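J.:
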Amino acid sequence: GQGRFGEVTKGAFHGENAAITITRIRDEASWQNEVHVCTNIALYYENVLCFKGSAFTTRNDSTEIWLLTASHEQGSLYVYLLENTVTVNETVEFVRSICSGLLHLHAEMFGSKGKPAIAHRDLKHLTALAILLKEYWHKIPEVRPTVCRVKEALDKINADMEKLESVV
216 GQGRFGEVTK
226 GAFHGENAAI
236 TITRIRDEAS
246 WQNEVHVCTN
256 IALYYENVLC
266 FKGSAFTTRN
276 DSTEIWLLTA
286 SHEQGSLYVY
296 LLENTVTVNE
306 TVEFVRSICS
316 GLLHLHAEMF
326 GSKGKPAIAH
336 RDLKHLTALA
346 ILLKEYWHKI
356 PEVRPTVCRV
366 KEALDKINAD
376 MEKLESVV
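Residue numbers (the working numbering): 216 to 383.
1. Starting from Leu283, trace the alpha helix (DSSP H) both ways and give me its first and last residue.
2. Can you round the beta-carbon distance between Glu249 and Leu283 to whole angstroms, since I take them to be within the 8 Å contact cut?
3. With 16 as the cutoff for other CB atoms within 10 Å, does Leu369 come out buried or exposed?
4. With distances taken between CB atoms, is the gap from Gly316 to Glu357 smaller than 9 Å?
5. Quick check on DSSP: helix, strand or coil for Glu261?
6. Would Ile313 and Leu292 be called neighbours here (beta carbons separated by less than 9 Å)?
7. Would you kindly report the start and end of the unbroken beta strand (DSSP E) that includes Val223?
8. Indicate the three-state DSSP secondary structure (helix, strand or coil) for Asn207 in the structure shown.
9. How long is the line joining the alpha carbons of His251 and Thr224, rounded to whole angstroms?
10. How is the alpha helix (DSSP H) around Glu298 delimited, first residue to last?
11. Would Cys363 be called buried (16 or more neighbouring beta carbons within 10 Å of its own) or exposed?
12. Using a Cβ-Cβ cutoff of less than 7 Å, which residues in the same chain neighbour Ser286 once the five nearest sequence positions on both sides are dropped?
13. Determine the contact status of Ile355 and Val303, defining contact as a CB-CB distance below 9 Å.
14. So, are the CB atoms of Glu279 and Thr238 less than 9 Å apart?
15. Just to confirm the assignment, what range does the beta strand (DSSP E) spanning Phe266 have?
16. Would you mind giving the Cβ-Cβ distance between Phe228 and Gly268, rounded to the nearest angstrom? I have them listed as a contact below 8 Å.
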C-alpha cells in the first residue's frame, strides 16, 4: 500500500516479518529524520510500532531508502477495520492501545532516558475507530461511558498535536 513516506510492502528482517517503507531518494531528509527519531530517542514502548532498521538500496536503476518496522500478520489496522467486523470490546481495546501509544509519543520526558514530544501525523486508523465508536454510541447504550473516556483521550491527543504543531 501507500503510506505517508512512500510505498509500504511486507518483507522479512532477520527472520521476522517486517513492514518496509520504500522511499525514493528525493525524500532523504524526511527519511533521515524518521531514522534519527527511531534510533536515537527512547521510543521503545508496548503501544508504539517497533523500529527494526533502515537501508539504502538500488532497484530498477533507482536508489531507494528503506525503513523497516514491525509488521502485524493482519496488516494495517485501517484495512483490517474496513475488511472485518469487530466487536465493541475489540474496538475499545484498539482505541485504548492507540491512545496509549500516541500519549507516549506526545509526552515530553525528562532525565537520562528522556525524549522530546513527537507529533504523529498519520491518524487515519483513529478516524475509522471513531466512526465505529459513534455507531456503538447509538446502538449499544451500555458502552457510552467507555466511548466518553475514549473521546476524552482523543481530545487530549488532538490538543497535544495542535500544541506540538504550533511549536514546529
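Just so you know, even glycine gets a beta-carbon here, dropped at the ideal spot from N, CA and C. Note that the structure is predicted; figures quoted are calculated from it, not measured.
T.: In short, the structure shows the following:
1. Counting along the chain, Leu283 falls outside any alpha helix (DSSP H), though it belongs to the beta strand (DSSP E) covering Ser277 to Ala285.
2. Here Glu249 is actually not in contact with Leu283; their C-beta atoms are around 11 Å apart, not less than 8 Å.
3. Under this definition Leu369 is a buried residue.
4. No, these two residues do not count as a Cβ contact at 9 Å.
5. Three-state DSSP puts Glu261 in coil, outside helix and strand.
6. Contact: yes.
7. Where Val223 is concerned, the enclosing beta strand (DSSP E) stretches over Glu222 to Phe228.
8. Given that the chain is displayed from residue 216 to residue 383, the structure contains no residue 207 and the question cannot be resolved.
9. Each residue's alpha carbon lies about 22 Å from the other.
10. Taken as a continuous stretch (DSSP letters only), the alpha helix (DSSP H) holding Glu298 covers Leu292 to Glu298.
11. Within 10 angstroms of the beta-carbon of Cys363 lie fewer than 16 other beta-carbons, which makes it exposed.
12. Within the same chain, Cβ atoms closer than 7 Å to the Cβ of Ser286 are found at Lys225, Asn232, Ala233 and Ala234, the five residues on either side in sequence being excluded.
13. Cβ distance < 9 Å, so Ile355 and Val303 count as in contact.
14. One thing to note: Glu279 has its Cβ within 9 Å of the Cβ of Thr238.
15. Counting along the chain, the unbroken beta strand (DSSP E) around Phe266 starts and ends at Phe266 to Arg274.
16. Distance from Phe228 to Gly268 at the Cβ level is roughly 6 Å; contact confirmed, criterion being Cβ atoms closer than 8 Å.
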